[in-house]
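**Q**
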Ligand code: R5P
């Protein structure tokens, strides 16, 4: 059995290899002069079960993943488990307007071509798993995020929109504090509007939890709301930290006291590891061939 670590997920792959005590396959990867990707598995994986780990963001990492899967298929791997620490395109999970694609489904179908099992961390919505043509399961890093937050004296958890309520509730249980949510309307890719709400968070240390921080607009608005209502400290935590453009500056200028993210997309705010939740779900999965 081998773990094959993608370029986008080297840390997670290393951690999974350590936890499951499965060696990392020796590989060669490079870019051709025209920037096309070259990948080769040096170990003989014929007849072996393999776990390929690669976040599908940004776009070039999708191509890398498909090429890695094809290499494993060509090398006659016995089974291919694909771990997607972050499954990109998850926010285009339906046609919002006529003429649009269901992008998440398009990517999922391609990944399914050479996969026996797919695992992903905190998908934007659970129904995304149905887009894969092979068994697909999710795991959640919220428990590990909450454990980190517990050491930060958090009094209150806030979900910045209705979609994050379950995460907030789960974290608040672990931290043993109250939680609430805001109602958000998205105006465009960078702008959101929050419905005013009395949050009762005066002099409290509040953590806002979401699955993704992208442009930081959602979090920045929520931070401002909390600070306006007298919160003492406001921390923001997400599983997938994209931090596009000026996201960091937006959060800090809104008054954010700490930014926390996992390593599903490695960034300067990575403080929580995702490998544990992945290996927990992998080891329990009946489709996972661990020998
Ligand atoms: C959307 O529903 C997601 O859960 C996040 O709230 C969203 O992706 C955050 O985007 P941004 O950081 O650009 O506001």
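In the numbering used here, the protein residues as written are 223 to 513.
By construction, the Cβ of each residue, glycine as well, lies at the ideal position given by its N, Cα and C atoms.
Values in this document were obtained by computation on a predicted structure and should not be read as measured data.
Measuring only from the beta carbon, is residue 313 closer than 8 Å to any heavy atom that is part of the ligand R5P?
**A** Working through the chain shown from its first residue, we reach residue 313 at position 91. Under cutoff, so the answer is yes.
**Q** Per the DSSP calculation, residue 332 is bridged to which residue(s)?
**A** Counting from one through the chain shown, the residue named residue 332 turns up at place 110. Per DSSP, none; premise fails for residue 332.
**Q** Could you pull out every residue in the same chain whose Cβ sits closer than 6 Å to the Cβ of residue 250, ignoring the five residues on either side in sequence?
**A** Your numbering for residue 250 matches position 28 in the chain shown. Result list for residue 250: 262, in chain order.
**Q** Does the Cβ-Cβ distance between residue 333 and residue 306 come in under 9 Å?
**A** As a working note, residue 333 is residue 111 in the chain shown. As a working note, residue 306 is residue 84 in the chain shown. Contact: yes.
**Q** Taking the alpha carbon of residue 370 as the reference point, which residue from 442, 460, 361 has its own alpha carbon closest?
**A** The residue labelled residue 370 in the question sits at position 148 within the chain shown. When each option's Cα is compared against that of residue 370, the closest is 460.
**Q** Taking the C-alpha atoms as reference points, what is the distance between residue 260 and residue 232?
**A** Taking the first residue of the chain shown as 1, we reach residue 260 at position 38. Taking the first residue of the chain shown as 1, we reach residue 232 at position 10. Using only the alpha carbons, I get a separation of about 17 Å.
**Q** Can you give me the C-alpha to C-alpha distance between residue 225 and residue 445, rounded to a whole angstrom?
**A** Residue 225 sits at position 3 when you count from the first residue of the chain shown. Residue 445 sits at position 223 when you count from the first residue of the chain shown. Computed Cα separation, rounded: 40 Å.
**Q** Can you tell me which of the three DSSP states residue 390 falls into?
**A** To locate residue 390, count along the chain shown from 1; it is residue 168. Residue state, collapsed to three classes: helix.
**Q** State yes or no: is the C-beta of residue 482 within less than 9 Å of the C-beta of residue 456?
**A** Position 260 of the chain shown holds residue 482. Position 234 of the chain shown holds residue 456. No. Outside cutoff.
**Q** Kindly list the residues whose CB is nearer than 6 Å to the CB of residue 325, restricted to its own chain and excluding five residues on each side of it in sequence; keep chain order.
**A** Along the chain shown, one-based indexing puts residue 325 at 103. Excluding positions up to five away in sequence, the list reads 311, 314.
**Q** If you drop the 5 nearest sequence neighbours on each side, which residues of the same chain put their C-beta closer than 7 Å to that of residue 454?
**A** In the chain shown, counting from the first residue as 1, residue 454 sits at position 232. 425, 426, 427.
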